[in-house]
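Here the structure comes first, spelled out in structure tokens, and everything after it is commentary.
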Amino acid sequence: MSADAAAVPFVRRHELSPEAAAYRARRKPSVPIEMPDLCDHAAVARWRAATNALWGEDDDPQIPHRREEIGGVSCLVAGPPPDSGAPVVLYAHGGGYVLGSAAVATPITARLGRTLRVVSVDYRQPPEHPFPAALDDILAVYQVLAAERGPAVPAAGDMPAAPAADGVPVALAGDSSGGALALSAAVVATARGARPAAVALFSPLLDHAAVPGSPLVDGEGRRLIDHYVGGADPDDPRLSPLRADLSGLPGVLVQAGADEPLASQAVELQARATAVGTNITLELWEHLWHTWHYHHLPEADQALTEAAAFLAALLSQPSGP
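Structure, rendered in structure tokens:
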């Protein structure tokens, strides 16, 4: 297959479920509460708490999350315990960097946690903590997870138990701005010789220097992003992973709405990754909106079930380039 053929996105053509059609008809603005002066940190903290509460921070009783500190960073963890040897997915929530939390992301992490151990990071957020604070937190958690030892091999007869295998495979995943964090962390980790096993991105924001015009990234959304960028260069590949060296990465899955403004960045990511030999699958879902994965809809269940299967397949493979 030629590089050009391999770079064609797969468009998921389907009719919306009745649940999704009803949700789309009553959708509210992405940011439901008026944004305060982002230089007023106390006001931002109140706004973040109120917005996150409206978005939902309830745990899933079927897949409960537990609070853990990993690498000095607070995380919510779902799925099997560390000593189970289950493969791990490190998750970065979205919210324009300023909003969102690991608790808000539980509709996604709970569904991934049905089959995988998911570590969702409550990274530091701007305006108090601009770039690279969030990325540094993701990398700190990743370093600890990647160094975990697998379970010991059970003893046979009078033989002592074999020592635990070094390292448990870790994948990186994230949505929207968390997609940028996940892909940036994958690029940095790969360059350091600690490549993740897989990457999954949901409606990712990938380029802070040339964002498409839309309510998500213009106006209020643009202000959120700018407060994360701070005084850094938006061309910095750690900020804009679309501009990074994508060679050597593991398999990447991207799911985005076919008509959402950020779909153009996903298409560009597929082209650039394919050009350097990285195996990437881009699925553009017809009729769906930015990060539909958060909602309790058949389309979200299907997308996350397929993403979990993609991650599990790569996580089960032997490590190595």
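Mapping of the sequence shown onto the numbering used here: residues 917 to 1237, in sequence order.
For each residue, glycine too, the CB sits at the ideal point set by N, CA and C.
Contacting residues, own chain, Cβ-Cβ under 7 angstroms from residue i (five flanking each side not counted)
i: Ala1018; result: Cys991, Leu992, His1009, Ser1036, Val1037, Asp1038
i: Leu1051; result: Leu1097, Ser1100, Ala1101, Arg1154
i: Arg929; result: Glu1202
i: Val1104; result: Leu1055, Arg1154
i: Ala1174; result: Val927, Leu1200, Trp1201, Glu1202
i: Gly988; result: Ala1056
i: Ala959; result: Pro952, Asp953
i: Glu1176; result: Ser1119, Trp1205, His1206
i: Ser1093; result: Gly1010, Gly1011, Gly1012, Tyr1013, Leu1121
i: Ala923; result: Gln1186, Ala1187, Thr1190
i: Val1086; result: Val1004, Leu1006, Tyr1058, Leu1061, Ala1062, Pro1112, Ala1113
i: Glu984; result: Cys991, Val993
i: Asp1053; result: Val989, Val1037, Tyr1039, Arg1040
i: Thr1106; result: Gly1164, Leu1165
i: Leu1220; result: Ile1024, Arg1027, Leu1028, His1209
C-beta atoms of residue i and residue j nearer than 8 angstroms
i: Thr1025; j: Tyr1013; result: no
i: Leu1032; j: Ala1002; result: yes
i: Leu1227; j: Ala1114; result: yes
i: Arg1108; j: Gly1164; result: no
i: Asp1091; j: Thr1022; result: no
i: Glu1064; j: Pro998; result: yes
Contact set for residue i: own chain, Cβ-Cβ below 6 angstroms, skip 5 residues either direction
i: Ala1049; result: Arg1040
i: Gly1146; result: Pro1046, Phe1047
i: Gly1016; result: His1009, Gly1010
i: Pro948; result: Leu970
i: Arg982; result: Val993
i: Ala1089; result: Val1005, Tyr1007, Ala1098, Ala1116
i: Ser1232; result: none
i: Glu973; result: Ala1019, Val1020
i: Asn1195; result: Gly1167
i: His957; result: Glu1044
i: Arg943; result: none
i: Gly1073; result: In this prediction, Gly1073 has a pLDDT of 41, which is less than 50 and means its spatial position is unreliable; nothing more can be read from the coordinates.
i: Pro1234; result: none
i: Pro1237; result: With a pLDDT of 49 at Pro1237, under the threshold of 50, the predicted position of this residue should be treated as unreliable, and no value is reported.
i: Asn968; result: Ser1017, Val1020
i: Gln978; result: none
Proximity to residue i [Cα-Cα], best of the options
i: Pro1214; options: Phe926, Ala936, Val924; result: Ala936
i: Leu1230; options: Thr1207, Pro977, Ala1116, Pro1120; result: Ala1116
i: Asp1123; options: Asp1151, Arg1108, Arg943; result: Asp1151
i: Phe1118; options: Thr1194, Gly1193, Gln1233, Leu1198; result: Leu1198
i: Pro952; options: Ala941, Arg942, Asp1161, Ala966; result: Ala966
i: Gly1193; options: Glu985, Leu1162, Leu1204, His1211; result: Leu1162
i: Ser933; options: Asp1217, Glu1222, Ala1223, Thr1221; result: Asp1217
i: Val1060; options: Ala1089, Val1005, Ile986, Gly1094; result: Ile986
i: Trp963; options: Asp1053, Thr1106, Asp1149, Pro1042; result: Pro1042
i: His1209; options: Gly1083, Val1020, Thr1106; result: Val1020
i: Gly995; options: Val1034, Ala961, Asp1149; result: Val1034
i: Ala1224; options: Pro977, Asn968, Asp1053, Arg1030; result: Arg1030
i: Ala1160; options: Tyr1144, Ser1000, Ala1125; result: Ala1125
i: Tyr1144; options: Ala1219, Cys955, Glu931; result: Cys955
i: Gly1095; options: Gly1083, Leu1178, Val1084; result: Leu1178
Cβ neighbours of residue i in the same chain (closer than 8 angstroms, five flanking residues each side left out)
i: Pro925; result: Ala1182, Val1183, Gln1186, Leu1198, Glu1199, Leu1200
i: Tyr939; result: His1211, Leu1213
i: Arg1188; result: Leu1158, Leu1162
i: Pro980; result: Ala994
i: Ala1148; result: Pro1046, Phe1047, Pro1048, Leu1155
i: Met917; result: A caution first: Met917 carries a pLDDT of 38, below 50, which makes its placement in the model unreliable, though a value can still be read off. Cβ within range, chain order: n/a, list empty.
Closer than 8 angstroms to chain B by CB, residue i
i: Ile1024; result: Absent from the structure: chain B. Only one protein chain is present.
Query raised in the report: Enumerated in chain order, which unbroken segments of the alpha helix (DSSP H) with a length of 4 residues or greater are wholly contained in the stretch 1137-1192?
Result: 1179-1191
Query raised in the report: Is the stretch 1137-1148 close to the stretch 1169-1181, with three or more CB pairs under 8 angstroms?
Result: no
Query raised in the report: Going along the chain, which unbroken runs of the beta strand (DSSP E) with 3 or more residues stay wholly within the stretch 1093-1130?
Result: 1115-1118
**Report entry** Start-end ranges of the beta strand (DSSP E) lying completely within the stretch 939-974, minimum 3 residues
**Finding:** none
Report task. Mind listing, in chain order, the continuous beta strand (DSSP E) runs of no fewer than 3 residues lying wholly within the stretch 1011-1061? Result -> 1033-1037
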